[in-house]
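First up is the structure itself, then whatever we jot down about it.
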Amino acid sequence: MVASPAGAAAGLSYADIVDLADGAPLVANVRIRNIIPLKPDQAGTVPSGRKRLFVEAEVTGLIRGESGIAPIVTYLYDAPLDARGKTPKYKKAQMIVFARSGTRPGEIQLIAPDAQIPATAEELSRVKAILAALVAPDAPPRILGLGDAFHVAGTIAGEGETQIFLRTENGDPVSLSIIRRPGQPPRWAVALGEIVDEAARAPEPGSLLWYRLACALPPALPPSSVRALAPADADAARADYALVIDALGPCGRTRTKG
Numbered sequence: 719m720v721a722s723p724a725g726a727a728a729g730l731s732y733a734d735i736v737d738l739a740d741g742a743p744l745v746a747n748v749r750i751r752n753i754i755p756l757k758p759d760q761a762g763t764v765p766s767g768r769k770r771l772f773v774e775a776e777v778t779g780l781i782r783g784e785s786g787i788a789p790i791v792t793y794l795y796d797a798p799l800d801a802r803g804k805t806p807k808y809k810k811a812q813m814i815v816f817a818r819s820g821t822r823p824g825e826i827q828l829i830a831p832d833a834q835i836p837a838t839a840e841e842l843s844r845v846k847a848i849l850a851a852l853v854a855p856d857a858p859p860r861i862l863g864l865g866d867a868f869h870v871a872g873t874i875a876g877e878g879e880t881q882i883f884l885r886t887e888n889g890d891p892v893s894l895s896i897i898r899r900p901g902q903p904p905r906w907a908v909a910l911g912e913i914v915d916e917a918a919r920a921p922e923p924g925s926l927l928w929y930r931l932a933c934a935l936p937p938a939l940p941p942s943s944v945r946a947l948a949p950a951d952a953d954a955a956r957a958d959y960a961l962v963i964d965a966l967g968p969c970g971r972t973r974t975k976g
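Using our numbering, read the sequence shown as starting at 719 and increasing by one per residue.
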């Protein structure tokens, strides 16, 4: 495999790759055959520090795309400039592109200015695993926001349980449950269904379910979620939600979502 240009899209996080994969109807492995830098009057508006290129590439593997793809594709890419104002050497480089079909045969459009990453073995494996998780029958839905929260205090000081319902894109039920018992660390879980049972667990970091929560949930429980609760129960629900946010940790995006 031909080495990819240094700095083409190094260091993207798990969340960055899911952002790209989740929004791309077409994902392909390509080998760049030719690039043509566009003149300013041809390029249009280009972000600072980048140069717009017309790229011709050979498709070496279709990773996602029901309608197929032409063997040779063309697209525009805004390449980052180095300290000398030069673009990396892309010719013959193997890349993964996240795209949609263009208006002409053989033309594709990247879904974001940086939706081209080096096709290393590690990145190919990661992209394929993410795409498989996105289309799995039990894939967690996109989270739109928070619904109602409920809290029930226990009979013993320090005992209680909070349940927080999430709003999802497809309407599937998703909820968070937080249980506190005296002398034990708090335990929280996420349920993908109407019933919270013993099988419910906190998501594994770096999993699609973790991404759906860590990258979509607001930092604090909004007033609308606790409007029906007594003040003490609302305070407990807020504290339990904060525990979940702290446990999830930061989403980890390093790029501007496009």
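Each residue gets a CB set at the ideal place from its N, CA and C atoms; glycine is no exception.
Helix, strand or coil for residue i, going by three-state DSSP, please let me know.
i	result
VAL720	Note that VAL720 scores a pLDDT of 35, beneath 50, so its modelled location is shaky and nothing firm can be said.
SER819	strand
ALA952	helix
ARG844	helix
ILE963	helix
VAL908	strand
ASP890	coil
TYR795	strand
VAL944	helix
VAL777	strand
ALA837	coil
ALA875	coil
LEU771	strand
VAL764	coil
Determine the burial state of residue i: buried for a count of at least 16 other Cβ atoms within 10 Å of its Cβ, exposed for fewer.
i	result
ARG802	exposed
ALA946	exposed
LEU730	buried
GLN760	exposed
ARG979	With the chain covering 719 to 976 only, the question about residue 979 has no answer from this structure.
VAL944	buried
ALA797	buried
GLU912	exposed
ILE787	buried
LYS769	buried
SER893	buried
If you follow the alpha helix (DSSP H) that residue i is in, where does it begin and where does it stop?
i	result
VAL693	As displayed, the chain neither begins before 719 nor continues past 976, which places residue 693 out of reach and without an answer.
PRO758	758–761
Hey, quick one: how far does the beta strand (DSSP E) through residue i stretch, first residue to last?
i	result
ARG885	878–886
LEU862	861–871
ARG930	Taken as a continuous stretch (DSSP letters only), ARG930 belongs to no beta strand (DSSP E), being part of the alpha helix (DSSP H) at 926–932.
GLN827	826–828
ILE787	Counting along the chain, ILE787 falls outside any beta strand (DSSP E), and DSSP gives it neither H nor E.
LEU744	744–755
I'd like to confirm something about residue i: is its beta-carbon nearer than 7 Å to some heavy atom of the ligand SAH, or not?
i	result
GLY820	Absence of the ligand SAH is noted for the structure shown, with no ligands found whatsoever.
Three or more C-beta pairs closer than 8 Å, one from the segment 880–893 and one from the segment 941–961: is that the case here?
yes
Counting beta carbon pairs with one atom in the segment 930–937 and one in the segment 966–974, are three or more of them shorter than 8 Å?
yes
Could you check whether the segment 774–789 touches the segment 733–749, counting it as contact only if at least three pairs of C-beta atoms, one from each stretch, sit closer than 8 Å?
yes
Stretch pair the segment 786–795 + the segment 822–829: three plus CB contacts closer than 8 Å
The segment 786–795 vs the segment 822–829: in contact.
Touch test, the segment 809–818 against the segment 830–842, Cβ-Cβ under 8 Å, three pairs minimum
yes
Does the contact criterion of 3 or more C-beta pairs under 8 Å hold for the segment 859–867 versus the segment 882–901?
In short, these stretches touch, since the Cβ pair count reaches three.
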